Amino acid sequence: MAVPPPRLRDPTRLRWGWFLAACAALLVSALAGITVGPAGLTPAQVIGELVTGGSELSDTQRAIIWDIRLPRVVLGGLVGSLLSLAGASYQGVFRNPLADPYLLGVAAGGGLGATAVIVLWPSADTRLLPVAAFAGALAAAGLTYAVGRSVGGRSAVSLILAGVAVAAFFTALQTFVLQRNSETIRQVYSWILGRLATTGWKEVLLMVPYALACGAGLMLHRRLLDVLSVGDEEAESLGVSSSRVRTTVVVLATLATAAAVAVSGLIAFVGLVVPHTVRLLVGTSYRSLIPISAVAGGAFLILADMAARTVLSPLELPIGVITAFIGAPFFMVVLRTSRRYVT
Amino acid sequence: MISVEVLSIAYQSGQPVLRDVGFAVEEGEWLGLLGPNGAGKSTLLRAIAGLLPHQGVIRFGAADSGSLRRRDRARSVALVPQEPVMPGGMTVIEYVLLGRTPHLPYLGSEGAADLAQARLATEMLDLERLAGRMLSQLSGGERRRVALARAICQQAEVLLLDEPTGALDIGQGQKALELIAHLRSLRPMTIITAMHDLTLAGQFPDRLILLADGRVVADGPPAQVLTPEHIRTIYRASVEVVTVNGGLAVVPMRTGTR
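Heads up: the sequence lines are chains A and B, in that order. Once you know that position 49 of the first sequence is 49 in the numbering used here, the rest is easy, because the numbers rise by one and skip nothing. The number in the numbering used here is simply the position in the second sequence, starting from 1, with 1000 added.
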C-alpha cells in the first residue's frame, strides 16, 4: 500500500513556534536585565512595578527601574535587534555567510561619521549622530562591496577581506580625528568599544524611528531575499531586479547599523552570532529568519549587557568585549563549516 | 510563437558570440539547439530569457521582448540553467515556490493559489515525497527534477532548458528527456533545449537547429539536420546516422586515421 506523502508545513508562513519562543526569551532577558544589579530587586517586585505600578518599592528603586534599567534594556533590545537584522540582511544580499555589520566595515564607517560630528561639531544636536553615522556607514558599505567584487567576484572571503581593510582605514581616520582633538578622546573612546550606558530615555527615542523604518523595510523584503539566494541571473529570470533589491536592502541594513552605532558604538559579531544560530534552528528561509533574528538579537544583547555589568561588578566591561568574546570563536566555527562557499 | 530576428551578441571584448541568428518557433513545438562547445547555444537561451543585451529583435507573439517588463517576460519564459544555483538549506517546496515570483507583486507574498501551483508542480515531477527535504540532501537526478518543477511552477508558455541531460548518465539523461516529453503532454508548452547528445537530439525534439561559430548552419526536422555531412563539417566527427524505431541514432565510426 502506498504511504501518503508527509504533511507539509506551509513554507510561506512564519514559524510561529520559534517566533514565540524568541519572544519569550526576549521577555525573560528583559526581566533579568531589569532585575539583576546592585539595587537588590527581585523579579516579582519588577513585574509588580511594571504591570500594576503600585508596589512596595522605594522611590529610589522605582527610579532605578523606570529611569535607569528599563531604558537601558529597551535600548539594548533595539540595538541587538537592529544589528541582527542588518547581519541577516547582509548575509542574504551578499550571499555570504560571513557578512556582519562589523566585519564589512560598515560599523567602522558609522563610527567615523558619528565621531566626526562629536569632535568637530561638539554643539551639534545628538539627533544628527545617526545621520552622520549613516553617511559614514553607507560610504564604507559601498567601498567594501566595490573592492570585494573587483578583487574576488563572488568569493565570500574577498568581501570580508575588503571589509577588514575598509574597517582598518576608517578606524585609522577616526583615530586621526580623535588625536587632533584629544580633549574628547575619553568620551569617544568609551563609545567606540561599545556601551549601552544611557541618560534615560533620550537614546531610546532617538533610535525608535530608525528601528521601525528599517525593521518594516527589511520585513517587506524577506521574500525577495529568498529569491536572491538563487543568484543574480536566476533572480532576473524570475522577474526580479537583483540590483534593485540589493541596493534597497543594503541601504536599509546600513541605516539599521548606523542607528545602532550612533547610540551604542561598535558592538561586534551580534549580526553574525544571532542569525546563524536562528538559521540552525528554523532553516534558511528569510521569511522566518528576519523576524526571529530581530527578536532573538534583542534578547542576546540584553543578556550580553547584563554580563557586561555584572562580570567585574562594580566595574563595567564594554559590551563589545562580551559580544566579541562569544562572537570571535563563533566566527571561526562558521568559517570552518562554510568552507564550501568560501572559495 | 517566438521569433528571433537578426540576433547578434558580442562579449564585452567585442568578440561576437552570435551573428545574425534568425528563426521562429511555433507554439507547442520542441526545438533542440545543437552545436559544438562555444557555438553559442547557452548564450542564445539566455538572450531569449532576456538576460543579455543584444542587437536584433526577439518576439513573444506580437510583443517585442525588449519592451516587456522583466516580470512580464518572466511570466512568458522560464529558464533552467545548466547548473542552477541550489541553496543547500532551502527545502524543495520553498525552492519550487520561487517559480511564483513573476506572478506576485514586488513586495507581496504567495497565497493559497500559488502554493497550490507549487504543489501541482511537485506532483507533476513526482517530488511530493521530497517536498520537505533540503536541497543539499538530494541526488543529482532529483535536483534536476526540482529545477524543472520550479520552471513548471512559473507557468510560462516557453520553457528554456540548457543541457537538461548534462552530467547525467545515459539512463538518467534518457529519463530526463522522457520526463520533458511527458510534461509537454500534460500542459501545452513551447520548449527549447540546448543539447549535447546527438542521438537524444534525434529522438525527442520536433525540430533541430545546428549552430556553429554563432551562426545557424542548419534548421529543420532532425532527419535534415543530423546528416553525416553536417556532423563531419561542424563537429569534425565521422558518424553514421541510422533510423531506429522511427527515431535517429548517431553512431560514431572509427576511421583508423589519427
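Note that the Cβ used here is the ideal one computed from N, Cα and C, for glycine as well. Fair warning: this is a prediction, and the values are worked out from it, not measured in the lab.
Under 8 Å: do the segment 211-229 of chain A and the segment 237-251 of chain A share three or more Cβ pairs, one atom per stretch?
Result yes; three or more Cβ-Cβ pairs closer than 8 Å.
Specify, as a first and last residue, the run of the beta strand (DSSP E) that LEU14 (chain A) falls within.
Counting along the chain, no beta strand (DSSP E) covers LEU14 (chain A), and no H or E run does either.
Three-state secondary structure (DSSP) at THR52 (chain A)?
It is coil, neither helix nor strand.
Is it true that the segment 1162-1178 of chain B meets the segment 1021-1030 of chain B, where meeting means three or more beta-carbon pairs spaced less than 8 Å apart?
Cβ pair count under 8 Å is below three, so no.
Taking only beta-carbon atoms, is GLY283 (chain A) less than 9 Å away from chain B?
By this cut-off, GLY283 (chain A) is an interface position.
Please confirm whether ARG1143 (chain B) has its beta-carbon closer than 9 Å to some beta-carbon of chain A.
Using beta-carbon distances, ARG1143 (chain B) does not count as an interface residue toward chain A, since no partner is under 9 Å.
At 4 residues or longer, and completely inside the segment 195-231 of chain A: list those alpha helix (DSSP H) runs for me, N to C.
With a minimum length of 4 residues, the continuous alpha helix (DSSP H) runs that stay inside the segment 195-231 of chain A are 202-220 and 222-228.
Within 10 angstroms of its Cβ, does THR1190 (chain B) collect 16 or more other Cβ (buried), or is it exposed?
The residue in question, THR1190 (chain B), is buried, as its Cβ has 16 or more Cβ neighbours within 10 Å.
The segment 1092-1100 of chain B touching the segment 1153-1161 of chain B, judged by at least three CB pairs closer than 8 Å
Contact check between the segment 1092-1100 of chain B and the segment 1153-1161 of chain B: three or more CB pairs, one atom from each, fall below 8 Å, which counts as touching.
Contiguous beta strand (DSSP E) assignments of at least 3 residues, all confined to the segment 1210-1245 of chain B:
Within the segment 1210-1245 of chain B, the runs of beta strand (DSSP E) at least 3 residues long that lie entirely inside it are, in chain order, 1215-1220 and 1239-1244.
State yes or no: is the beta carbon of SER1013 (chain B) nearer than 9 Å to at least one beta carbon in chain A?
Not an interface residue.
Let me check understanding here. Comparing Cα to Cα, which of A:PRO318, A:ALA307 and A:SER89 lies closest to ILE292 (chain A)?
Cα-wise, what sits closest to ILE292 (chain A) is A:SER89.
Could you tell me the alpha carbon to alpha carbon distance between PRO1228 (chain B) and PRO1221 (chain B), rounded to whole angstroms?
Spanning the two alpha carbons is a distance of roughly 15 Å.
Are GLY1214 (chain B) and ILE1002 (chain B) touching if we call contact CB-CB under 9 Å?
Their beta carbons are not under 9 Å apart, which means GLY1214 (chain B) does not touch ILE1002 (chain B) by this criterion.
Local conformation of VAL342 (chain A) per DSSP, three classes
Because the pLDDT of VAL342 (chain A) is 40, which lies under 50, any placement of that residue in the model is unreliable, and the question is left without a value.
Counting only beta-carbon separations shorter than 9 Å, does THR337 (chain A) have a partner in chain B?
Answer no: the Cβ-Cβ gap between THR337 (chain A) and chain B never drops below 9 Å.
Minimum C-alpha distance to ALA1078 (chain B) - residue among B:GLY1088, B:LEU1051 and B:ASP1064
Checking every option, the nearest Cα to that of ALA1078 (chain B) belongs to B:LEU1051.
Beta-carbon proximity of ASP10 (chain A) to LEU272 (chain A), cut-off 9 Å
No Cβ-Cβ contact shorter than 9 Å links ASP10 (chain A) with LEU272 (chain A).
Since THR60 (chain A) is in the alpha helix (DSSP H), which residue starts that stretch and which ends it?
Boundaries of the alpha helix (DSSP H) harbouring THR60 (chain A): 59-63, taken from the DSSP string.
For ILE185 (chain A), which of helix, strand or coil comes out of DSSP?
Assigned with DSSP and collapsed to three states, ILE185 (chain A) falls in helix.
C-beta neighbour in chain B for THR175 (chain A), strict 9 Å
Not flagged as an interface residue toward chain B: THR175 (chain A), since no C-beta distance is shorter than 9 Å.
Taking C-alpha atoms, which residue in A:ALA260, A:ALA107, A:PHE269 and A:VAL46 lies nearest to PRO97 (chain A)?
The residue from A:ALA260, A:ALA107, A:PHE269 and A:VAL46 with its alpha-carbon nearest to that of PRO97 (chain A) is A:PHE269.
Look at the Cβ atom of ALA296 (chain A), then the Cβ atom of SER84 (chain A), and state whether they are nearer than 9 Å.
Taking 9 Å as the Cβ cut-off, ALA296 (chain A) and SER84 (chain A) qualify as a contacting pair.
By the criterion of Cβ-Cβ separation under 7 Å, what are the contact partners of PRO11 (chain A) in chain B?
In chain order, THR1091, ILE1093, GLU1094 and LEU1097 make up the part of chain B whose C-beta sits under 7 Å from the C-beta of PRO11 (chain A).
Counting only beta-carbon separations shorter than 9 Å, does GLY241 (chain A) have a partner in chain B?
A small correction: the amino acid at residue 241 (chain A) is Ser; Gly does not occupy that position in the sequence shown. Under the Cβ criterion of 9 Å, SER241 (chain A) is counted among the residues facing chain B.
Specify the secondary structure class of GLN1055 (chain B) as computed by DSSP and reduced to three states.
Per DSSP, reduced to three states, the secondary structure at GLN1055 (chain B) is strand.
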